[in-house]
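Here this note's numbering is used: the sequence shown runs in plain steps of one and ends on residue 247. Data block below; observations after.
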Amino acid sequence: MDFAIILVVTVAACFALRNPLKACPTAFYAAAILVDAVYVYGVFFGLPRALWSPLFVLIQKCELALALFVVVMFIGCLKAGTRPYRWLKPVRSELSIVAWFLALGHMAVYLESYVPRIFGGSEVSSNVLGSFALAIVLLLLLVVLGVTSFAFVKKHMSTATWKKVQKLAYPFFALVYVHVLLMLLPSALHGGAAAQASVAVYSVVFIGYGLCRVGRALLDAQDARAHERVAAAPTVQDELDAVFE
Ligand code: HEM
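Structure follows, in structure tokens:
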């Protein structure tokens with residue numbers, strides 16, 4: 003349930019902080035790294051409750067990074083040329099880099115707990131093994147997407163290759179949903195009310211995104227066909243030329 007609130011606040015913050023983010027993205031990257039560092043410090047050495055509680059929800063549960071990824075993905079559902087699209091599209095890469103940094107804390111801490119279980123020699127259930135394999139795929143996709151979001155990396159790639167690589171965001175986002183379900187469904191199916199509420203909220207967001215994205219693709223294709231028809235239609239000049247030929 004916290005995720006619904008975090009998402010609303012994140013959307014508002016993305017709109018409000020768009021100009022400072024565009025002007026000085028490195029300050030936001032540095033802030034995200036600092037938050038990760040404080041979180042990792044808290045994991046090992048503890049922190050006052052007032053500081054740890056928000057970090058637990060935002061970083062350990064990966065909810066802030068996910069909320070930012072949701073904004074990044076939904077930008078692709080907006081109609082090109084509308085005000086929200088023109089406002090947020092230029093900071094899409096910057097938003098995904100901030101999300102990328104914020105997701106590192108979650109991944110590092112859980113990978114650290116998986117590794118001894120998997121490679122420690124004891125018997126590992128197929129469930130844990132499957133979750134671990136999926137986590138590794140998520141990690142690899144995130145590294146590729148994150149690294150290619152930086153402007154200096156993008157500059158060294160052809161536009162066609164860069165666009166192809168960025169399409170990996172779709173399987174990445176779909177697999178995050180699978181990952182979240184794998185983590186929460188067992189508890190939700192055993193009657194855990196918090197897990198059930200979380201599954202419901204995440205499902206609305208991910209399935210809603212899927213529907214919006216397909217809707218946008220269909221509408222864009224319709225617009226493109228209409229433009230082609232207008233471009234192919236004879237102009238007044240063509241018709242006059244035909245009359246006097
Ligand atoms: C190396 C990659 C990853 C590993 C090892 C990993 C591990 C885990 C684990 C163990 C949990 C269960 C936590 C619990 O029982 O409370 C979890 C939950 C979760 N993970 Fe990941 N994860 C990874 C990548 C990601 C990514 C890339 C995202 C999203 C951007 C993500 C989002 C979430 C979310 C939203 C939850 C559920 C939190 C909740 O509402 O309780 N994870 N992850």
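Glycine residues also receive a C-beta, built at the ideal position from the N, C-alpha and C atoms.
Cβ distance (whole Å) where residue i is taken to contact residue j below 8 Å
i    : j    : result
L140 : L177 : 6 Å
F71  : A101 : 5 Å
L19  : A67  : In fact, because the Cβ distance is near 16 Å, the residues do not count as touching under 8 Å.
R215 : C79  : 5 Å
F208 : Y179 : 4 Å
H181 : L136 : 6 Å
I99  : Y87  : Rounded, the Cβ-Cβ distance is 20 Å, inconsistent with contact.
E65  : F17  : In fact, because the Cβ distance is near 19 Å, the residues do not count as touching under 8 Å.
V146 : V167 : 6 Å
L186 : A197 : 5 Å
T150 : K156 : 6 Å
V117 : V73  : Not a contact, Cβ separation roughly 31 Å.
Check: residue i C-beta below 8 Å from any heavy atom of the ligand HEM
i    : result
Y87  : no
H192 : no
Y204 : yes
A67  : yes
V149 : no
V93  : no
A82  : no
F5   : yes
L113 : yes
F76  : no
C64  : yes
L213 : no
F46  : no
V178 : yes
V182 : yes
L186 : yes
H108 : yes
L140 : yes
A137 : yes
A101 : yes
S98  : no
L9   : no
S124 : no
L144 : yes
F134 : yes
S200 : yes
A171 : no
F71  : yes
A105 : yes
Y31  : no
Y41  : no
(message) Quick check: the region 187-194 against the region 150-161, are at least 3 beta-carbon pairs closer than 8 Å?
(response) no
(request) Determine contact between the region 4-14 and the region 199-206, defined as no fewer than three beta-carbon pairs at a distance below 8 Å. (result) yes
(request) Go through the region 129-164 residue by residue and report every complete run of the alpha helix (DSSP H) that reaches 4 residues or more, in order. (result) 153-156
(message) Could you check whether the region 234-241 touches the region 23-38, counting it as contact only if at least three pairs of C-beta atoms, one from each stretch, sit closer than 8 Å?
(response) No, the region 234-241 does not touch the region 23-38.
(request) Return the chain-ordered ranges of every alpha helix (DSSP H) run that is complete within the region 98-130 and spans a minimum of 4 residues. (result) none
(request) Would you mind listing the alpha helix (DSSP H) stretches within the region 51-92 that are 4+ residues and don't spill past its ends, in chain order? (result) 51-57, 65-77 and 85-90
(request) Write down every uninterrupted run of the alpha helix (DSSP H) in the region 161-191 whose length is 4 residues or greater and which is fully enclosed by it, in chain order. (result) 161-168 and 171-191
(request) Determine contact between the region 112-119 and the region 129-147, defined as no fewer than three beta-carbon pairs at a distance below 8 Å. (result) yes
(message) Between the region 48-65 and the region 115-131, can you find at least three pairs of beta-carbon atoms closer than 8 Å?
(response) no
(request) Tell me, please, whether the region 19-27 touches the region 83-95 by the rule of three or more beta-carbon pairs shorter than 8 Å. (result) yes
(message) Restricting to runs no shorter than 4 residues, where is the alpha helix (DSSP H) found entirely within the region 200-245?
(response) None, since the region 200-245 contains no complete alpha helix (DSSP H) of that length.
(request) Could you pull out every unbroken alpha helix (DSSP H) segment of at least 4 residues lying fully inside the region 6-40, listed in chain order? (result) 20-25
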